[in-house]
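Those letters in the sequence shown? Residues 11 to 130, by this note's numbering.
Encoded as structure tokens, the structure appears first; notes follow it.
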Amino acid sequence: MASNRERNLKQPMIEDYGRSMGEAYWNGMYDMIKHYRALLKMYRELQHAEHERHQAGLEVYRIAGKLEVIEYLFNDDAIMEVKEKLKSELVLAEVNLADKKVPTLNWDKVSPKHGVVRYF
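Encoded structure:
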């Protein structure tokens, strides 16, 4: 038979929830706040990555548009230097765009003790 000391050391209800109803309420509230803050942080990181990728894509399309205008309007040799410079900028912008990765949200990464409640 277990002694009182051993029983007091193994009290999962008190460890999980606290000694009183108020403490259990605030422990649950704190866990919920931590959970939703972590979800908000993940969503902000996702939005930031999407914004960076969008900006890199805009840069690619801006340079490609300049090249189209130069090819359409001008056929001079003096413009060839500008055209070559724009082509090199376009290659760099495309490489930059390829480097931008948008992460996927890992809903299991941030979960309370009993798992994430999914509503969809």
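Don't be surprised by glycine CBs; every beta carbon is placed ideally from N, CA and C.
TODO: Count the other CB atoms, across all protein chains shown, that sit within 10 Å of the CB of Val70; report buried if there are 16 or more and exposed otherwise.
DONE: buried
- [ ] Pick out whichever of Val92, His61 and Asp86 has its Cα sitting closest to the Cα of Pro113.
- [x] His61
Open item on the list: Beta-carbon within less than 8 Å of Ala59's beta-carbon, same chain only, minus the 5 sequence neighbours each way: which residues are those?
Closed with: Lys110, Lys111, Val112 and Pro113
Open item on the list: Would Gly92 and Ile80 be called neighbours here (beta carbons separated by less than 8 Å)?
Closed with: According to the sequence as given, residue 92 is Val; it is not Gly. Yes, the pair counts as a contact, with Cβ atoms nearer than the cut-off.
Open item on the list: Looking at Leu50: is its Cβ nearer than 8 Å to the Cβ of Lys76?
Closed with: no
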